[in-house]
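K.L.:
My structure is below; once you've seen it, I'll send some questions.
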Amino acid sequence: MSLLPLDDAPGRLPTGLPLPSPKRFDAPRFLRSALVLLPLLLIGAWAAVDWRTVYDGTARLGSADPWWLLVALFFTCLGWLSAPCIRQGALPERLPAGLLIASQFAAGAANHVLPASIGAHAVTLRFLQGRGIPLARATASLALYSAVKPIARTLVLLVFLVAFPDLLLTGKLVPDHRTSLLIAGAVTLALAGTALLVTTVRPLRRPLLDALRCALTDVRLLHTRPARILALWGGAAAAPLIQASVLFAVGAALGLSLSWMQVAFAFLAASTAVGAVPAPGGIGPVDAAVVFAMVALGAPMDVSATAVIGYRVLTVWLPLLPGALVLSALVQRKVL
24 MSLLPLDDAP GRLPTGLPLP SPKRFDAPRF LRSALVLLPL LLIGAWAAVD
74 WRTVYDGTAR LGSADPWWLL VALFFTCLGW LSAPCIRQGA LPERLPAGLL
124 IASQFAAGAA NHVLPASIGA HAVTLRFLQG RGIPLARATA SLALYSAVKP
174 IARTLVLLVF LVAFPDLLLT GKLVPDHRTS LLIAGAVTLA LAGTALLVTT
224 VRPLRRPLLD ALRCALTDVR LLHTRPARIL ALWGGAAAAP LIQASVLFAV
274 GAALGLSLSW MQVAFAFLAA STAVGAVPAP GGIGPVDAAV VFAMVALGAP
324 MDVSATAVIG YRVLTVWLPL LPGALVLSAL VQRKVL
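The structure is reproduced here in structure tokens:
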């Protein structure tokens, strides 16, 4: 037994301060931040590559009639409402109008960066799922949207051909035998490739069949509601006419001698012929086809090319940065 006094014994030995636990890597937060910055980076890269085009177009528009440019700007803004109208018409559920318009404005920026409308469909799919729409129904809505737009544009073009047959008197807009064979071959290969992909890749078969089943159900349901029919088909038919009105107003500001009917027909024919080419927003193939169609109808080459460049400045470059900012804001607020 120890004889040492216990009063002077030290108390409890101090322990070391607890070390702060290392912060864990928050992958979802990092991914969301990256997605917020990605649209701006893509827009910046594209601007660096295609800056000469937008500079030339803007410089040429500086000498154009400002009143006609205001008309073109009005139709440009009106065109921003056509996509939300068609999207709502392709879905039985009612979507919040403000968020729908904002999402489609943001989807327009993504559509001009990625080819074949991949960017716009991806943004819209995320938006629909965020509104509680099941994946199969959201996918079916995208498929219906993609199918209705070219069908409506072709029907409007046929109406133009029936109502104004004199537009084809030049004969230059009618494809020759070789071009017709190339178009038919491309369509056949696309259909055969899709069928082969569905039949051979099993993981894709069930989702595609579910989406097709939902699409057929939704089509039957939508076509029993007049408001949805008007939004879907009316919006799809009005969209190319609004775009053609932008092109006509820009051409009129530059002194283009073609009438609205001729410009609209040239735009419809060109976008119908090469609109399916997988280019970002259809830029490139559609532009060349529109210039060719307007020249075939009697417009000068330089004025036609300048009008198309001005059209792209208003419809692509003007809303591009605001659309990217809206896209980043929607991602940050977890709407997408």
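The opening position of the sequence shown corresponds to residue 24 in the working numbering, with each subsequent residue numbered one higher.
A virtual CB, placed ideally from N, CA and C, is assigned to each residue, including glycine.
All figures in this text were calculated on a predicted structure; none of them were measured in a lab.
Which one of 284, 344, 323, 345 has the shortest CA to CA distance from residue 187?
P.N.:
Locating residue 187 in the sequence shown gives position 164, where the first residue counts as 1. The option with the nearest alpha carbon to residue 187 is 284.
K.L.:
Only counting the same chain, and skipping five residues up and downstream in sequence, which positions put a Cβ closer than 7 Å to that of residue 168?
P.N.:
Locating residue 168 in the sequence shown gives position 145, counting from the first residue. Same-chain partners within the cutoff: 109, 110, 113.
K.L.:
As a quick exercise: from 155, 324, 95, pick the residue whose alpha carbon is nearest that of residue 280.
P.N.:
In the sequence shown, counting from the first residue as 1, residue 280 sits at position 257. When only C-alpha atoms are compared, the closest one is 324.
K.L.:
Once the 5 residues before and after residue 130 are set aside, which same chain residues still bring their CB inside 6 Å of it?
P.N.:
Within the sequence shown, residue 130 is the residue found at index 107, counting from 1. 143, 146, 147, listed in sequence order.
K.L.:
Taking the alpha helix (DSSP H) that residue 283 falls in, what are its first and last residues?
P.N.:
Your numbering for residue 283 matches position 260 in the sequence shown. Start and end: 283-297.
K.L.:
Please state the DSSP three-state secondary structure of residue 357.
P.N.:
Start at 1 with the first residue of the sequence shown, and residue 357 comes out as number 334. In this structure, residue 357 counts as coil in the three-state DSSP scheme.
K.L.:
Looking at the structure shown, is residue 86 part of a helix, part of a strand, or coil, going by DSSP?
P.N.:
On the sequence shown, position 63 is the one that residue 86 refers to. Coil.
K.L.:
Flag this pair as yes or no: are the beta carbons of residue 338 and residue 180 separated by less than 7 Å?
P.N.:
On the sequence shown, residue 338 is found 315 positions in, with the first residue counted as 1. On the sequence shown, residue 180 is found 157 positions in, with the first residue counted as 1. Not closer than 7 Å, so no.
K.L.:
If you reduce the DSSP assignment to three classes, tell me which class residue 151 lands in.
P.N.:
As a position in the sequence shown, residue 151 is number 128, starting the count at 1. The answer is helix: DSSP assigns residue 151 an H, G or I state.
K.L.:
Report the residue from 171, 126, 178 whose alpha carbon sits nearest the alpha carbon of residue 154.
P.N.:
Along the sequence shown, read from residue 1 onward, the residue named residue 154 stands at position 131. It is 126 whose Cα lies nearest to the Cα of residue 154.
K.L.:
Inspect the CB distances between the stretch 307-324 and the stretch 235-253 and report whether three or more fall short of 8 Å.
P.N.:
The stretch 307-324 is not in contact with the stretch 235-253.
K.L.:
Looking at the secondary structure, which residues open and close the alpha helix (DSSP H) in which residue 310 lies?
P.N.:
Residue numbering aside, residue 310 sits at position 287 when the sequence shown is read from its first letter. Its alpha helix (DSSP H) spans residues 308-319.
K.L.:
What number of angstroms, rounded off, separates the C-alpha of residue 358 from the C-alpha of residue 135?
P.N.:
Your numbering for residue 358 matches position 335 in the sequence shown. Your numbering for residue 135 matches position 112 in the sequence shown. If I take the Cα positions, the gap works out to 21 Å.
K.L.:
Quick check on DSSP: helix, strand or coil for residue 350?
P.N.:
In the sequence shown, the residue the question calls residue 350 occupies position 327. Here residue 350 sits in helix by DSSP.
K.L.:
Assuming residue 271 contacts residue 190 under a Cβ cut-off of 8 Å, what Cβ separation, rounded to an integer in Å, is found between them?
P.N.:
Taking the sequence shown and counting its residues from 1, one reaches residue 271 at position 248. Taking the sequence shown and counting its residues from 1, one reaches residue 190 at position 167. So it is not a contact: roughly 15 Å between Cβ atoms.
K.L.:
Using a Cβ-Cβ cutoff of less than 8 Å, which residues in the same chain neighbour residue 102 once the five nearest sequence positions on both sides are dropped?
P.N.:
If you number the sequence shown from 1, residue 102 lands on position 79. The residues are 262, 265, 266, 269, 338.
K.L.:
How many whole angstroms separate the CB atoms of residue 328 and residue 92, which I take to be in contact at a CB cut-off of 8 Å?
P.N.:
In the sequence shown, the residue the question calls residue 328 occupies position 305. In the sequence shown, the residue the question calls residue 92 occupies position 69. Their Cβ separation, rounded to whole angstroms, is 17 Å, which puts residue 328 and residue 92 out of contact at 8 Å.
K.L.:
Decide if residue 163 is buried, meaning its Cβ has at least 16 other Cβ atoms within 10 Å, or exposed.
P.N.:
Residue numbering aside, residue 163 sits at position 140 when the sequence shown is read from its first letter. Per the 10 Å Cβ criterion, buried.
K.L.:
Look up residue 103 in the DSSP assignment and say whether it is helix, strand or coil.
P.N.:
Your numbering for residue 103 matches position 80 in the sequence shown. Residue state, collapsed to three classes: coil.
K.L.:
Cβ atoms of residue 309 and residue 293: under 7 Å apart, would you say?
P.N.:
Translated into the one-based positions of the sequence shown, residue 293 becomes position 270. Translated into the one-based positions of the sequence shown, residue 309 becomes position 286. Cβ atoms of residue 293 and residue 309: closer than 7 Å.
K.L.:
Grouping DSSP H, G and I as helix and E and B as strand, with all else coil, what is residue 216?
P.N.:
The residue you call residue 216 lines up with position 193 of the sequence shown. Looking at residue 216 - three-state DSSP - the assignment turns out to be helix.
K.L.:
Using only alpha-carbon positions, find the residue among 355, 254, 150, 116 that is nearest to residue 175.
P.N.:
Stepping through the sequence shown from its first residue, residue 175 is reached at position 152. Cα-wise, what sits closest to residue 175 is 254.
K.L.:
Please classify residue 140: does DSSP put it in a helix, a strand, or coil?
P.N.:
Position 117 of the sequence shown, counting from 1, holds the residue named residue 140. Three-state DSSP puts residue 140 in coil, outside helix and strand.
K.L.:
Can you check which of these residues, 278, 161, 183, is closest to residue 90 by C-alpha distance?
P.N.:
Taking the sequence shown and counting its residues from 1, the one referred to as residue 90 is at position 67. Among 278, 161, 183, the Cα nearest to that of residue 90 belongs to 278.
K.L.:
Return helix, strand or coil for residue 97, following the three-state DSSP convention.
P.N.:
Taking the sequence shown and counting its residues from 1, one reaches residue 97 at position 74. If DSSP states are grouped into helix, strand and coil, residue 97 belongs with the helices.
K.L.:
With C-beta atoms as the reference, is residue 259 less than 7 Å away from residue 172?
P.N.:
Here residue 259 refers to the residue found at position 236 when the sequence shown is read from its first residue. Here residue 172 refers to the residue found at position 149 when the sequence shown is read from its first residue. Result yes, Cβ atoms of residue 259 and residue 172 sit closer than 7 Å.
K.L.:
Smallest Cα separation from residue 118: which of 332, 161, 87, 95?
P.N.:
In the sequence shown, counting from the first residue as 1, residue 118 sits at position 95. Minimum Cα distance to residue 118 is reached at 161.
K.L.:
If you check the beta carbons only, do residue 274 and residue 330 fall under 7 Å apart?
P.N.:
One-based indexing of the sequence shown puts residue 274 at position 251. One-based indexing of the sequence shown puts residue 330 at position 307. For residue 274 and residue 330, yes; Cβs fall inside 7 Å.
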